[in-house]
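Protein chains in written order, with my numbering: chain Y, 3 to 215; chain P, 3 to 215. Even for Gly, the Cβ is constructed at its ideal location relative to N, Cα and C. Values in this document were obtained by computation on a predicted structure and should not be read as measured data.
Number of protein chains: 2
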Amino acid sequence: MRQDERVSATRASLLGAAERLFAERGVYAVANRQISEAAGQGNNAAVNYHFGTKADLVRAIVRRHSEQIELIRARLVAGVVDADDLREWVACAVVPTTGHLADLGHPSWYARFIAQVTADPALYAITKEEAAATAPSMRALKEGLNRCLPDLDAGVYEERSAMTRHLITQMSVERERALAQGGPTLQSSWEDLATGLTDAITGLWTAPHTPRP
Amino acid sequence: MRQDERVSATRASLLGAAERLFAERGVYAVANRQISEAAGQGNNAAVNYHFGTKADLVRAIVRRHSEQIELIRARLVAGVVDADDLREWVACAVVPTTGHLADLGHPSWYARFIAQVTADPALYAITKEEAAATAPSMRALKEGLNRCLPDLDAGVYEERSAMTRHLITQMSVERERALAQGGPTLQSSWEDLATGLTDAITGLWTAPHTPRP
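If you want it as C-alpha cells, here you go:
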C-alpha cells in the first residue's frame, strides 16, 4: 500500500470508529484515545494528528455523509413534478435522510450520530455550516417549500422547522436502533418510514395555528 | 432532624443529583458513585442502599414527576368542553408535560432526563409501567383521542403515537436546554410551546395517509 493510501485507510477507520462511538455514547463521553483504540491505531494521538479537534472530527464525519445526501436531494428536487404540491417538497426534505440510511445498509450509526450532534448547539452549528457548504440543492428545496406553505408568523415557521427536523431525526433513530438491536420495527422499510413522515409533516405544516400573545 | 427525615432528605438529594447527571450525560455514562458524590454523600454505596439498581433509581425519579403530571392531566381531562374536538384532547396530551416543566421553574432537567430514558428500550418500558400505575387519567385521554381520530391502520396509529411522543419530548428538551444555557428560545413561554405543539400534533393526526405496500 502506498503512503497516501495508508493515510486514507487510517482516516476512514478513525472516522468509522468515531461515528459509532459518538452514536452509542454521545460525543462528549468519548475520548480521542478510545477512538484510536477502537480503530486499531497503536498511536493514541492518531485522532489529533489526522483531524485536530473533536469539532473537526465531527465535521469530517458529517461531510462524508452530506455529500451522499446531497446527491439524493439534488436528484429529488430536480424531479419534482408539481411545484405547487407541498407534499412533493416535504418528500424532498425527508427522503435524503431515509434514503441515505437505506443505502448505508445494516448496521448504520448515522441517525444516532446525527441525533447526538444536533443535541449540542455548538456541534449543530457545524452541521448547518457543512450543509450550507455541501448542499446547493438545499436552497431550491427551501424555495419550493416556502412557495407551498401557508402564510405563517416567523416564530411558527421556525418552530415547525424544528419539529420537522426532530421528527425526521428521532423516527430514524428509533428505526436504526431497533434494527441494531434486532427488535421489532414500526415500519417494514426505510421507504415506508419516508411515506409516514412525509404524510405527517405535510399535515403539521398545514395545520391551522392559534395566535399567541 | 429525626432519623426518618434524614433518610427522606438523603433520598431526595440522591434523586435530584441522579436526575441532573442522567439528563446531562446519559443514564449509562453515570456511575452510582458519581451520583453519591454529587449529592454530597460520603458513602459511595448510598445509591445502592437507598434505591437498589439503576433501573430502580430511574423508576423513583419517574414516579416523583408522574404524580405531579397526573394531577395536571386529570384536571385537563375532566375539563374537556367538547369531547368531539380532537384539538382539546391533543392539548390534554401536551400540557401535562409543558405545564409540569413550567411548574418546575428554572433550572429543570426533567425534559432532558426523559429524553435520555425514553431513548433506551428497557428504561422506556419502565416509564410506561410507571405511567400505567400512576396515571388513571391516561385511559380517559386515550379514549377521548380515539373517539376523535380518523380511521387509521394500526401501523399508522403506532407511528403517529411515536411521532407525538418525540415532538413533545424533543421540543421540550430544546427549550429546557436553551433556558439552561441562557440562549434564545423559540417560544416566549411553556404555554406558547404547548399551543404550538397542540396545533402541529392535531395537524399530524388528521393528515391523510398514503397506503403502504
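Contacts that H108(Y) makes with chain P (C-beta to C-beta distance below 9 Å)
Translated into positions along the first sequence, residue 108(Y) becomes position 106. Chain P residues near H108(Y): none, gap ~18 Å exceeds 9 Å.
Short CB-CB distance (under 8 Å) between T136(P) and chain Y
Your numbering for residue 136(P) matches position 134 in the second sequence. Using beta-carbon distances, T136(P) does not count as an interface residue toward chain Y, since no partner is under 8 Å.
Kindly list, in the order they appear in chain P, the residues whose Cβ is closer than 7 Å to that of G44(Y).
The residue given as residue 44(Y) occupies position 42 in the first sequence. Simply none; closest approach about 27 Å.
Can you give the Cα-Cα distance for V97(P) and I74(P), rounded to whole angstroms?
Position 95 of the second sequence, counting from 1, holds the residue named residue 97(P). Position 72 of the second sequence, counting from 1, holds the residue named residue 74(P). Cα to Cα, the separation comes out at about 8 Å.
Chain-ordered chain P contacts of T55(Y) [CB-CB under 8 Å]:
Looking up residue 55(Y) in the first sequence gives position 53. Near T55(Y) there are no residues of chain P at all, since even the closest Cβ is about 20 Å away, more than 8 Å.
R177(Y): buried (16+ other C-beta within 10 angstroms of its C-beta) or exposed?
Sequence index remark: in the first sequence, residue 177(Y) carries index 175 (1-based). It is buried - the Cβ of R177(Y) has at least 16 other Cβ atoms within 10 Å.
Length at least 4, wholly inside the stretch 33-110 of chain P: the alpha helix (DSSP H) runs in chain order:
Segments of the alpha helix (DSSP H) lying fully in the stretch 33-110 of chain P: 34-40, 48-53, 56-80 and 88-106.
Segment contact flag, the stretch 108-127 of chain Y with the stretch 177-189 of chain Y, C-beta cutoff 8 Å, min 3 pairs:
Contact between the stretch 108-127 of chain Y and the stretch 177-189 of chain Y is present: 3 or more CB-CB pairs across the two stretches fall below 8 Å.
Using only the alpha-carbon positions, how far apart do R65(Y) and S191(P) sit?
Here the question's residue 65(Y) lines up with position 63 in the first sequence. Here the question's residue 191(P) lines up with position 189 in the second sequence. Each residue's alpha carbon lies about 36 Å from the other.
Looking at the C-beta of Q183(P), does it have a partner C-beta in chain Y at a distance below 8 Å?
As a working note, residue 183(P) is residue 181 in the second sequence. For Q183(P), the closest Cβ of chain Y is nearer than 8 Å.
From T55(Y) to R141(Y), what distance separates their C-alpha atoms?
Counting from one through the first sequence, the residue named residue 55(Y) turns up at place 53. Counting from one through the first sequence, the residue named residue 141(Y) turns up at place 139. If you take the alpha carbons of T55(Y) and R141(Y), they lie about 30 Å apart.
Let me see if you follow: with CB-CB separation under 8 Å, is E176(Y) close to chain P or not?
Locating residue 176(Y) in the first sequence gives position 174, where the first residue counts as 1. Yes, contact with chain P.
Please state whether DSSP places H168(Y) in a helix, a strand or coil.
Residue numbering aside, residue 168(Y) sits at position 166 when the first sequence is read from its first letter. Residue state, collapsed to three classes: helix.
Residues near D2(P) by beta carbon distance below 8 Å, same chain, minus five either side
Past the boundaries of the shown model lies residue 2(P); chain P is included only from 3 to 215, so the question cannot be answered.
Identify whether S191(P) lies in helix, strand or coil by the three-state DSSP scheme.
The count along the second sequence starts at 1 and reaches residue 191(P) at position 189. S191(P) falls in the coil class under three-state DSSP.
Between the Cα of G1(Y) and the Cα atoms of L59(Y), R167(Y) and L17(Y), which residue gives the shortest distance?
Residue 1(Y) is absent from the model: chain Y starts at 3 and stops at 215.
By the criterion of Cβ-Cβ separation under 9 Å, what are the contact partners of E90(P) in chain Y?
Stepping through the second sequence from its first residue, residue 90(P) is reached at position 88. Correct list: empty, because the minimum Cβ distance to chain Y is about 12 Å.
Rounded to whole angstroms, what's the CA-CA distance from L125(P) to T100(Y)? Just pull it up for me.
On the second sequence, residue 125(P) is found 123 positions in, with the first residue counted as 1. On the first sequence, residue 100(Y) is found 98 positions in, with the first residue counted as 1. Cα-Cα distance, rounded: 26 Å.
Quick one, are the C-beta atoms of T171(Y) and T120(Y) less than 8 Å apart?
Translated into positions along the first sequence, residue 171(Y) becomes position 169. Translated into positions along the first sequence, residue 120(Y) becomes position 118. It is a contact, given that the beta carbons lie within the stated cut-off.
Partners in chain P for R27(Y), counting only beta-carbon separations shorter than 9 Å:
As a working note, residue 27(Y) is residue 25 in the first sequence. Within chain P, G28, Y30 and A31 have C-beta atoms less than 9 Å from the C-beta of R27(Y), given in sequence order.
Contact residues within the stretch 153-164 of chain P, judged by C-beta distance below 9 Å to chain Y:
Taking 9 Å as the Cβ-Cβ cut-off against chain Y, the residues of the stretch 153-164 of chain P that qualify are G157, V158, E160, E161, R162 and A164.
Check whether chain Y comes within 8 Å of T1(P), counting only Cβ atoms and requiring the distance to be less than that.
Shown here, chain P extends from 3 to 215; a query on residue 1(P) therefore has no answer.
Contacts of T204(P) in chain Y (Cβ-Cβ under 8 Å):
For the purposes of this step, residue 204(P) is identified with residue 202 of the second sequence, where counting begins at 1. Neighbours of T204(P) on chain Y, chain order: A209.
8 Å Cβ cutoff, Q70(Y) in contact with chain P:
Mapped onto the first sequence, residue 70(Y) falls at position 68. Taking Cβ atoms only, chain P never reaches closer than 8 Å to Q70(Y), which makes this a no.
In the DSSP assignment, find the alpha helix (DSSP H) that holds L16(P) and state where it starts and stops.
Numbered from 1 along the second sequence, position 14 holds the residue referred to as residue 16(P). Its alpha helix (DSSP H) spans residues Q5 to R27.
Figure out for me which residue from Y51(P), A47(P), P109(P) and I71(P) has the closest Cα to the Cα of G184(P).
Within the second sequence, residue 184(P) is the residue found at index 182, counting from 1. Answer by Cα proximity: P109(P).
Just to make sure I have the definition right: I need the residues of chain Y whose C-beta is within less than 9 Å of the C-beta of L169(P). Which are they?
For this step, residue 169(P) is matched to residue 167 along the second sequence. Within 9 Å Cβ-Cβ: M165, H168, L169, Q172 and L206.
Can you look up L143(P) in the DSSP assignment and give me helix, strand or coil?
Translated into the one-based positions of the second sequence, residue 143(P) becomes position 141. Residue state for L143(P) is assigned as helix, using DSSP reduced to three classes.
Start and end residues, alpha helix (DSSP H) containing L125(Y):
Position 123 of the first sequence holds residue 125(Y). L125(Y) -> alpha helix (DSSP H) spans P123 to T136.
Determine, using beta carbons only, whether P123(Y) comes closer than 8 Å to chain P.
Here residue 123(Y) refers to the residue found at position 121 of the first sequence. Residue contact with chain P for P123(Y): present (Cβ-Cβ distance below 8 Å to some residue of chain P).
The alpha helix (DSSP H) enclosing Y112(Y), as first and last residue numbers
Taking the first residue of the first sequence as 1, we reach residue 112(Y) at position 110. Element bounds for Y112(Y): Y112 to T120.
Using only the alpha-carbon positions, how far apart do L195(P) and G107(Y) sit?
Taking the first residue of the second sequence as position 1, residue 195(P) is located at position 193. Taking the first residue of the first sequence as position 1, residue 107(Y) is located at position 105. If I take the Cα positions, the gap works out to 37 Å.
Alpha carbon of R162(P) to alpha carbon of A135(Y), nearest angstrom:
Here the question's residue 162(P) lines up with position 160 in the second sequence. Here the question's residue 135(Y) lines up with position 133 in the first sequence. Roughly 34 Å separates the two Cα atoms.
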